[in-house]
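Enquirer: Below you will find the structure I want to go over with you.
Residue numbers (our numbering): 6 to 173.
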(Lines of atoms letter the chains of each structure in order from A and count residues from 1; the text may use other names and numbers.)
(Lines give C-alpha, C1' and ligand atoms only; values in the text may rest on other atoms or scores of the structure.)
Protein backbone atom coordinates (compact mmCIF):
# COMPACT_ATOMS: atom_id res chain seq x y z
CA UNK A 1 0.00 0.00 0.00
CA UNK A 2 1.34 3.40 -0.97
CA UNK A 3 1.26 6.16 1.62
CA UNK A 4 0.89 9.68 0.26
CA UNK A 5 2.69 12.61 1.82
CA UNK A 6 0.48 14.86 3.90
CA UNK A 7 0.90 17.74 1.43
CA UNK A 8 -0.38 15.48 -1.37
CA UNK A 9 -3.42 14.44 0.67
CA UNK A 10 -4.10 18.05 1.62
CA UNK A 11 -3.95 19.08 -2.02
CA UNK A 12 -6.36 16.30 -3.02
CA UNK A 13 -8.81 17.27 -0.27
CA UNK A 14 -8.66 20.91 -1.32
CA UNK A 15 -9.54 20.00 -4.92
CA UNK A 16 -12.14 17.28 -4.33
CA UNK A 17 -15.04 19.19 -2.77
CA UNK A 18 -14.92 22.02 -5.27
CA UNK A 19 -15.23 19.53 -8.11
CA UNK A 20 -17.98 17.56 -6.39
CA UNK A 21 -19.90 20.73 -5.56
CA UNK A 22 -20.61 21.28 -9.24
CA UNK A 23 -22.11 17.80 -9.46
CA UNK A 24 -24.04 17.43 -6.22
CA UNK A 25 -25.02 20.99 -5.24
CA UNK A 26 -27.38 23.53 -6.80
CA UNK A 27 -26.44 27.14 -6.11
CA UNK A 28 -29.04 29.77 -5.17
CA UNK A 29 -28.56 33.45 -4.38
CA UNK A 30 -30.65 35.76 -2.19
CA UNK A 31 -29.76 39.44 -2.41
CA UNK A 32 -30.99 42.03 0.09
CA UNK A 33 -32.41 39.22 2.20
CA UNK A 34 -35.77 40.03 3.81
CA UNK A 35 -35.54 43.57 2.43
CA UNK A 36 -32.32 44.33 4.30
CA UNK A 37 -29.67 46.06 2.23
CA UNK A 38 -26.36 44.22 1.82
CA UNK A 39 -27.53 40.94 3.36
CA UNK A 40 -26.68 38.76 0.39
CA UNK A 41 -26.42 35.02 0.86
CA UNK A 42 -25.63 32.00 -1.26
CA UNK A 43 -27.33 28.66 -0.62
CA UNK A 44 -25.75 25.44 -1.81
CA UNK A 45 -28.45 22.78 -1.80
CA UNK A 46 -27.32 19.16 -1.92
CA UNK A 47 -29.32 16.51 -3.78
CA UNK A 48 -30.43 15.14 -0.37
CA UNK A 49 -32.00 18.50 0.59
CA UNK A 50 -29.37 19.75 3.04
CA UNK A 51 -28.39 23.40 2.45
CA UNK A 52 -25.07 25.06 3.12
CA UNK A 53 -25.46 28.77 3.91
CA UNK A 54 -22.61 30.95 2.63
CA UNK A 55 -21.94 34.60 1.98
CA UNK A 56 -22.65 35.66 -1.61
CA UNK A 57 -19.89 37.32 -3.65
CA UNK A 58 -21.96 40.53 -3.49
CA UNK A 59 -21.98 40.61 0.34
CA UNK A 60 -19.93 43.57 1.69
CA UNK A 61 -17.64 41.27 3.70
CA UNK A 62 -16.60 39.48 0.51
CA UNK A 63 -16.74 42.50 -1.79
CA UNK A 64 -14.54 44.64 0.49
CA UNK A 65 -12.21 41.92 1.72
CA UNK A 66 -9.11 43.95 0.84
CA UNK A 67 -10.08 46.88 3.08
CA UNK A 68 -12.40 45.39 5.72
CA UNK A 69 -11.13 42.63 7.99
CA UNK A 70 -13.16 40.30 10.21
CA UNK A 71 -12.24 40.83 13.83
CA UNK A 72 -14.81 38.65 15.59
CA UNK A 73 -17.48 36.07 14.73
CA UNK A 74 -19.93 35.49 17.57
CA UNK A 75 -22.41 32.61 17.53
CA UNK A 76 -24.00 33.72 20.83
CA UNK A 77 -27.02 35.46 19.30
CA UNK A 78 -28.84 36.02 22.62
CA UNK A 79 -27.91 35.66 26.27
CA UNK A 80 -29.40 32.18 26.42
CA UNK A 81 -28.79 31.03 22.83
CA UNK A 82 -25.42 30.00 21.42
CA UNK A 83 -25.54 28.39 17.96
CA UNK A 84 -22.37 26.42 18.81
CA UNK A 85 -24.34 24.52 21.48
CA UNK A 86 -26.64 23.00 18.85
CA UNK A 87 -26.89 19.19 18.94
CA UNK A 88 -28.79 16.99 16.53
CA UNK A 89 -29.86 13.37 16.81
CA UNK A 90 -31.12 10.84 14.33
CA UNK A 91 -32.19 10.89 10.74
CA UNK A 92 -34.83 13.59 11.23
CA UNK A 93 -32.42 15.84 13.18
CA UNK A 94 -34.52 15.92 16.32
CA UNK A 95 -33.50 18.38 19.03
CA UNK A 96 -31.97 20.70 16.41
CA UNK A 97 -32.45 24.43 16.85
CA UNK A 98 -35.37 25.65 14.73
CA UNK A 99 -34.62 28.56 12.43
CA UNK A 100 -36.99 31.13 10.93
CA UNK A 101 -36.04 33.29 7.95
CA UNK A 102 -35.18 36.15 10.33
CA UNK A 103 -33.11 33.98 12.74
CA UNK A 104 -29.58 35.27 13.29
CA UNK A 105 -26.90 32.59 12.81
CA UNK A 106 -23.97 34.75 13.89
CA UNK A 107 -22.81 38.32 14.29
CA UNK A 108 -19.65 39.50 12.58
CA UNK A 109 -17.63 42.49 13.82
CA UNK A 110 -15.06 44.07 11.53
CA UNK A 111 -11.87 46.00 12.23
CA UNK A 112 -13.46 49.25 11.00
CA UNK A 113 -16.27 48.92 13.56
CA UNK A 114 -18.98 47.76 11.17
CA UNK A 115 -21.17 44.84 12.23
CA UNK A 116 -23.15 42.32 10.23
CA UNK A 117 -25.84 39.90 11.36
CA UNK A 118 -25.92 36.82 9.17
CA UNK A 119 -29.44 35.39 9.03
CA UNK A 120 -30.80 32.02 7.94
CA UNK A 121 -33.23 33.36 5.33
CA UNK A 122 -35.42 30.23 5.42
CA UNK A 123 -37.31 27.98 7.81
CA UNK A 124 -35.02 25.10 8.67
CA UNK A 125 -33.40 22.95 11.33
CA UNK A 126 -29.83 23.89 12.19
CA UNK A 127 -27.52 20.93 11.64
CA UNK A 128 -24.23 22.67 12.45
CA UNK A 129 -22.40 25.96 12.32
CA UNK A 130 -18.85 26.35 11.10
CA UNK A 131 -16.79 26.90 14.25
CA UNK A 132 -13.66 27.39 12.10
CA UNK A 133 -14.80 30.88 11.09
CA UNK A 134 -14.83 31.89 14.75
CA UNK A 135 -11.11 31.12 14.97
CA UNK A 136 -10.19 32.40 11.49
CA UNK A 137 -12.64 35.04 10.30
CA UNK A 138 -10.76 35.52 7.04
CA UNK A 139 -12.29 32.25 5.81
CA UNK A 140 -15.62 34.09 5.56
CA UNK A 141 -14.05 36.56 3.18
CA UNK A 142 -11.49 34.52 1.27
CA UNK A 143 -13.35 31.22 0.85
CA UNK A 144 -17.02 32.02 1.52
CA UNK A 145 -18.44 29.12 -0.47
CA UNK A 146 -15.95 26.56 0.69
CA UNK A 147 -14.19 26.52 4.08
CA UNK A 148 -15.82 29.79 5.12
CA UNK A 149 -19.42 28.58 4.99
CA UNK A 150 -21.63 29.81 7.84
CA UNK A 151 -23.95 26.88 8.58
CA UNK A 152 -25.54 23.68 7.36
CA UNK A 153 -29.33 23.46 7.64
CA UNK A 154 -32.14 21.10 6.75
CA UNK A 155 -34.98 23.18 5.25
CA UNK A 156 -38.51 22.43 6.48
CA UNK A 157 -39.80 22.59 2.90
CA UNK A 158 -37.47 20.55 0.67
CA UNK A 159 -37.99 22.76 -2.38
CA UNK A 160 -38.11 26.15 -0.64
CA UNK A 161 -35.32 27.53 -2.83
CA UNK A 162 -36.70 28.20 -6.28
CA UNK A 163 -34.30 30.01 -8.60
CA UNK A 164 -30.91 28.43 -9.24
CA UNK A 165 -28.06 30.81 -9.94
CA UNK A 166 -26.27 30.81 -13.24
CA UNK A 167 -23.24 28.56 -13.28
CA UNK A 168 -20.04 30.41 -12.53
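For every residue, glycine included, the Cβ atom is placed at its ideal position computed from N, Cα and C.
(1) Run the CB neighbour count on residue 29, radius 10 Å, all protein chains shown included, and call it buried at 16 or more, exposed below.
(2) Using a Cβ-Cβ cut-off of 6 Å (strictly less than) and excluding sequence neighbours within five positions of residue 116, which residues of its own chain qualify?
(3) Specify, as a first and last residue, the run of the alpha helix (DSSP H) that residue 101 falls within.
(4) From the DSSP output, read off the bridge partner residues of residue 120.
(5) Could you pull the start and end residues of the beta strand (DSSP E) that residue 49 belongs to?
(6) Spatial neighbours of residue 39 within its chain, please: C-beta separation below 8 Å, excluding the five flanking residues on both sides.
(7) Less than 8 Å separating the beta-carbons of residue 80 and residue 158?
(8) Give the DSSP bridge partners of residue 58, in chain order.
(9) When the Cα of residue 89 is compared with those of 78, 97, 96 and 95, which residue comes out closest?
(10) Give the secondary structure of residue 41 by DSSP, where H, G and I count as helix, E and B as strand, and everything else as coil.
(11) Measuring only the C-alpha atoms, how far is residue 59 from residue 145?
(12) Taking DSSP as the reference, what is the three-state secondary structure of residue 28?
Expert: Here's the rundown:
(1) Numbered from its first residue, the chain shown carries residue 29 at position 24. So residue 29 ends up on the exposed side.
(2) Start at 1 with the first residue of the chain shown, and residue 116 comes out as number 111. Setting aside the 5 residues that flank it on each side, residue 116 is surrounded in the same chain by 74 and 76, each with a C-beta closer than 6 Å to its C-beta; the list follows chain order.
(3) Residue mapping note: residue 101 aligns to position 96 of the chain shown, counting from 1. Residue 101 -> no alpha helix (DSSP H), and no H or E assigned at all.
(4) Residue mapping note: residue 120 aligns to position 115 of the chain shown, counting from 1. 114, per the DSSP bridge assignment.
(5) Position 44 of the chain shown, counting from 1, holds the residue named residue 49. Segment 46–51, the beta strand (DSSP E) holding residue 49.
(6) As a working mapping, residue 39 is identified with position 34 in the chain shown. Listed in chain order, the non-local C-beta contacts of residue 39 below 8 Å within the same chain comprise 106, 107, 124 and 126, local neighbours out to five positions each way being set aside.
(7) Counted from its first residue, the chain shown places residue 80 at position 75. Counted from its first residue, the chain shown places residue 158 at position 153. Result no, Cβ atoms of residue 80 and residue 158 do not sit closer than 8 Å.
(8) Walking along the chain shown from the start, residue 58 turns up at place 53. The secondary-structure analysis by DSSP pairs residue 58 across a beta bridge with 48 and 156.
(9) As a first step, residue 89 is located in the chain shown; it is residue number 84 there, counting from the start. When only C-alpha atoms are compared, the closest one is 78.
(10) Counting from 1 along the chain shown, the entry for residue 41 is found at position 36. The three-state reading of DSSP puts residue 41 in coil, since its state is none of H, G, I, E or B.
(11) Your numbering for residue 59 matches position 54 in the chain shown. Your numbering for residue 145 matches position 140 in the chain shown. Taking the straight line from one Cα to the other gives about 8 Å.
(12) Counted from its first residue, the chain shown places residue 28 at position 23. Residue 28: helix per DSSP, three-state reduction.
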